[in-house]
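So the sequence shown is numbered by the numbering used here: it starts at 705 and just counts up by one. Here's the structure, in structure tokens; my notes come after.
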Amino acid sequence: MPGLRPRLPESAETEATSISFLTTENSTHMQQDFTLSAYDYHLPAERIAQQPADRRDNSRLLVLDNDSKVINHRRFADIVDLVAAGDLLVVNDTRVFPARLQGRKDSGGRIEVFLLEFPARVDGSGPTRATALLRCSKRPHPGSRLFLDGGLVCTVIELLADGKARLELHLGVSEDIAQALSACGQVPLPPYILRQEGTTAADRERYQTVYAHRPGAVAAPTAGLHFTEALLQTLKDKGVNLATITLHVGYGTFAPVRTEAIRDHKIHAEYIEVPAATMAMIAATRHSGGRIWAIGTTTVRALEFAARQQRHGTPVAVEGWCDLYIFPGFAFEVVDCLITNFHLPNSSLMFLVAALCGRETLLLCYETAIREGYRFYSYGDAMAVVTAKATASAG
705 MPGLRPRLPE
715 SAETEATSIS
725 FLTTENSTHM
735 QQDFTLSAYD
745 YHLPAERIAQ
755 QPADRRDNSR
765 LLVLDNDSKV
775 INHRRFADIV
785 DLVAAGDLLV
795 VNDTRVFPAR
805 LQGRKDSGGR
815 IEVFLLEFPA
825 RVDGSGPTRA
835 TALLRCSKRP
845 HPGSRLFLDG
855 GLVCTVIELL
865 ADGKARLELH
875 LGVSEDIAQA
885 LSACGQVPLP
895 PYILRQEGTT
905 AADRERYQTV
915 YAHRPGAVAA
925 PTAGLHFTEA
935 LLQTLKDKGV
945 NLATITLHVG
955 YGTFAPVRTE
965 AIRDHKIHAE
975 YIEVPAATMA
985 MIAATRHSGG
995 RIWAIGTTTV
1005 RALEFAARQQ
1015 RHGTPVAVEG
1025 WCDLYIFPGF
1035 AFEVVDCLIT
1045 NFHLPNSSLM
1055 FLVAALCGRE
1065 TLLLCYETAI
1075 REGYRFYSYG
1085 DAMAVVTAKA
1095 TASAG
């Protein structure tokens, strides 16, 4: 049944599956790497996690040795055994904000407002505005007001394409935007989480990483959901270093790929901030022979984008819109190892992971995970792509 965590098969803790024969793909297989339908797989509905694991770090972890192409099955807390002293873990510290708002139009009809970005004050102190997706029977007119549950009032400034609109939120100059949204909004769970009770109070905690500090995402960087404060401290005590980036996951993360030739796909842009200190820690880790672990595909995109903005010499901070598209054939400059969840079929996130471990290898990992009863997607289990030595260039 959806929401129940399956028992770990008794043999799974020690089972190792060899898939080294996949390292000699022929040219036909390589051409399929760029074909959308080659990333399809069948997932039984009961494998889609509807609730998080009982404890964050008690989720399961499929470990792929990216050198030998051997799979092992662990618990996420065992990540401590995989990350070595001197390695660097880089996490995404974005925070999901309550982007889903319910209310009524000034005509009385019901409306759902899904904020596509964290609202911002014009010129820092002016009106508070945001772009939103409006779901209602009839679109409101520019200038009309929306009366949202919790007391928040908005004015429609401009209607945009695809059901979107520019809104002005009626907030005082000194009123805290995050607190105002928290009082009236809901955490926007992904559309494949289907519950009669909808979003619960527990989701406000569990659909955030423990290190989420910077509001701006409409979806969680889900690979990080498995970490606890205690687990992070254990890693630090072992000599593992921790660095942060910020990538505000946007609504585009749910957008399907519509081109059969994946190289023709236009990736959505997302706002990132990569501190100079993080780039400096990467350089120091590389110099000492440590590995760079990206916690989640969002971290991969941010780090590889930032590496391409660096110049020889002092590491510099990178801030702006990231539209880096990673698919097989991509030359990684930073990331050695990856922690990630299991992704939707035919998604750009699958392309990214395939770029690191190989498409056929990835699909066999997914086939194995389904057979072994792993739970998929945002509240599901995790996968680690691990290489024994630092192999990416210093960038």
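Every residue, glycine too, gets a C-beta built ideally from N, C-alpha and C.
- Message: DSSP three-state label for lysine 942, please.
- Response: Looking up residue 942 in the sequence shown gives position 238. It is helical.
- Assuming asparagine 1045 and valine 961 make a contact with CB atoms under 8 Å, what is their CB distance in whole Å? Working through the sequence shown from its first residue, we reach residue 1045 at position 341. Working through the sequence shown from its first residue, we reach residue 961 at position 257. That belief does not hold up - the Cβ atoms of asparagine 1045 and valine 961 are roughly 18 Å apart, past 8 Å.
- Given that a residue counts as buried once 16 or more other Cβ atoms are within 10 Å of its Cβ, and exposed if not, what is threonine 727? On the sequence shown, position 23 is the one that residue 727 refers to. A caution first: threonine 727 carries a pLDDT of 45, below 50, which makes its placement in the model unreliable, though a value can still be read off. It is exposed - the Cβ of threonine 727 has fewer than 16 other Cβ atoms within 10 Å.
- Item | Beta bridge counterpart(s) of isoleucine 1043 as assigned by DSSP | Along the sequence shown, one-based indexing puts residue 1043 at 339. DSSP, once it has assigned bridges, lists Ile999, Ala1088 as partnering isoleucine 1043.
- Item | Cα-Cα separation, leucine 1056 to proline 823 | The residue given as residue 1056 occupies position 352 in the sequence shown. The residue given as residue 823 occupies position 119 in the sequence shown. So the two alpha carbons sit approximately 30 Å from each other.
- Query: Of all the options Thr904, Leu946, Lys842, which has the alpha carbon lying nearest to the alpha carbon of leucine 792?
  - Reply: On the sequence shown, residue 792 is found 88 positions in, with the first residue counted as 1. Ranking the options by Cα distance to leucine 792, first place goes to Leu946.
- Query: With a CB to CB cut of under 8 Å and the five nearest residues on each side skipped, what residues in its chain are close to lysine 868?
  - Reply: For the purposes of this step, residue 868 is taken as residue 164 along the sequence shown, with counting starting at 1. For lysine 868, where only same-chain residues beyond five positions count, the Cβ hits under 8 Å are Leu820, Thr835, Ala836, Leu837, Leu838.
- Mind checking histidine 991: buried by the 16 CB within 10 Å criterion, or exposed? The sequence position of residue 991 within the sequence shown is 287, counting from 1. Exposed, because fewer than 16 other Cβ atoms sit within 10 Å of the Cβ of histidine 991.
- Query: Residue range of the alpha helix (DSSP H) that leucine 1067 falls in?
  - Reply: The count along the sequence shown starts at 1 and reaches residue 1067 at position 363. 1063-1075 is the extent of the alpha helix (DSSP H) around leucine 1067.
- Decide if glycine 1017 is buried, meaning its Cβ has at least 16 other Cβ atoms within 10 Å, or exposed. Along the sequence shown, read from residue 1 onward, the residue named residue 1017 stands at position 313. Result: exposed.
- Is asparagine 1050 helix, strand or coil when you go by DSSP? Reading the sequence shown from its first residue, position 346 is the one you call residue 1050. Looking at asparagine 1050 - three-state DSSP - the assignment turns out to be coil, as it is neither helix nor strand.
- With DSSP run on the structure shown, which of helix, strand or coil describes valine 978? Residue numbering aside, residue 978 sits at position 274 when the sequence shown is read from its first letter. Reduced to three states, the DSSP call for valine 978 is strand.
- Message: Which residue marks the beginning of the alpha helix (DSSP H) containing glutamate 909, and which one marks its end?
- Response: Position 205 of the sequence shown holds residue 909. That run of the alpha helix (DSSP H) goes 907-910.
- Cβ-Cβ distance between arginine 760 and threonine 932 below 8 Å: Position 56 of the sequence shown, counting from 1, holds the residue named residue 760. Position 228 of the sequence shown, counting from 1, holds the residue named residue 932. Cβ distance < 8 Å, so arginine 760 and threonine 932 count as in contact.
- Query: If you drop the 5 nearest sequence neighbours on each side, which residues of the same chain put their C-beta closer than 7 Å to that of leucine 863?
  - Reply: Position 159 of the sequence shown, counted from the first residue, corresponds to residue 863. If we look at leucine 863 and ignore the five residues flanking it on each side, its Cβ neighbours are Arg843, Pro846, Ala869.
- Message: So, with DSSP's three-state summary, where would you put cysteine 888?
- Response: Here the question's residue 888 lines up with position 184 in the sequence shown. In this structure, cysteine 888 counts as helix in the three-state DSSP scheme.
- Message: Need the endpoints of the alpha helix (DSSP H) that isoleucine 783 sits in, please.
- Response: Stepping through the sequence shown from its first residue, residue 783 is reached at position 79. From DSSP, the alpha helix (DSSP H) with isoleucine 783 extends over 783-786.
- Item | CB contact flag (alanine 1092, aspartate 771, <8 Å) | Within the sequence shown, the letter at position 388 stands for residue 1092. Within the sequence shown, the letter at position 67 stands for residue 771. Their beta carbons are under 8 Å apart, which means alanine 1092 touches aspartate 771 by this criterion.
- Message: By DSSP's criteria, arginine 799 is part of a beta bridge. Which residues make up the other side?
- Response: What you label residue 799 is simply residue 95 of the sequence shown in a count that begins at 1. Answer is Pro919, bridged to arginine 799.
- Query: How big is the Cα-Cα spacing for alanine 757 and glycine 830?
  - Reply: Taking the first residue of the sequence shown as 1, we reach residue 757 at position 53. Taking the first residue of the sequence shown as 1, we reach residue 830 at position 126. So the two alpha carbons sit approximately 43 Å from each other.
- Query: Quick one: what does DSSP say leucine 935 is sitting in, helix, strand or coil?
  - Reply: Your numbering for residue 935 matches position 231 in the sequence shown. Leucine 935: helix per DSSP, three-state reduction.
- Query: Measuring CB to CB, does proline 802 end up less than 8 Å from valine 891?
  - Reply: Counting from one through the sequence shown, the residue named residue 802 turns up at place 98. Counting from one through the sequence shown, the residue named residue 891 turns up at place 187. Taking 8 Å as the Cβ cut-off, proline 802 and valine 891 qualify as a contacting pair.
- Message: Going by DSSP, what residue range makes up the beta strand (DSSP E) through threonine 963?
- Response: Your numbering for residue 963 matches position 259 in the sequence shown. First-last for threonine 963: undefined, no H or E at that position.
- Item | Exposed unless 16 or more other CB atoms sit within 10 angstroms - verdict on valine 1089 | For the purposes of this step, residue 1089 is taken as residue 385 along the sequence shown, with counting starting at 1. Its Cβ being crowded by 16 or more others within 10 Å, valine 1089 is buried.
- Task: Would you mind working out which of Leu805, Arg967, Arg778 sits nearest cysteine 840, comparing C-alpha positions?
- Result: Taking the sequence shown and counting its residues from 1, one reaches residue 840 at position 136. The residue with the shortest Cα to Cα distance from cysteine 840 is Leu805.
- Item | Those residues which DSSP pairs with glycine 1024 across a bridge | The sequence position of residue 1024 within the sequence shown is 320, counting from 1. Note: glycine 1024 sits in a beta bridge opposite Ile976.
- Residues that DSSP places opposite glutamine 806 in a beta bridge: If you number the sequence shown from 1, residue 806 lands on position 102. Per DSSP, Glu816.
- Message: Residues in the same chain with beta-carbon distance under 8 Å from proline 645, minus the five sequence neighbours each way, listed in chain order, please.
- Response: A question about residue 645 goes unanswered here, because the residues of the chain that appear run from 705 up to 1099.
- Drop a sphere of 10 angstroms on the beta-carbon of lysine 773, count the other beta-carbons inside from all chains shown, and report buried for 16 or more, exposed for fewer. What you label residue 773 is simply residue 69 of the sequence shown in a count that begins at 1. With 16 or more other Cβ atoms within 10 Å, it is buried.
- Query: How is phenylalanine 1055 classed by DSSP in three states: helix, strand or coil?
  - Reply: The sequence position of residue 1055 within the sequence shown is 351, counting from 1. It is helical.
- Return helix, strand or coil for alanine 984, following the three-state DSSP convention. Stepping through the sequence shown from its first residue, residue 984 is reached at position 280. Helix, per DSSP.
- Item | In DSSP terms, what leucine 898 is bridged to | Counting from 1 along the sequence shown, the entry for residue 898 is found at position 194. Leucine 898 pairs with nothing; no bridge assigned.
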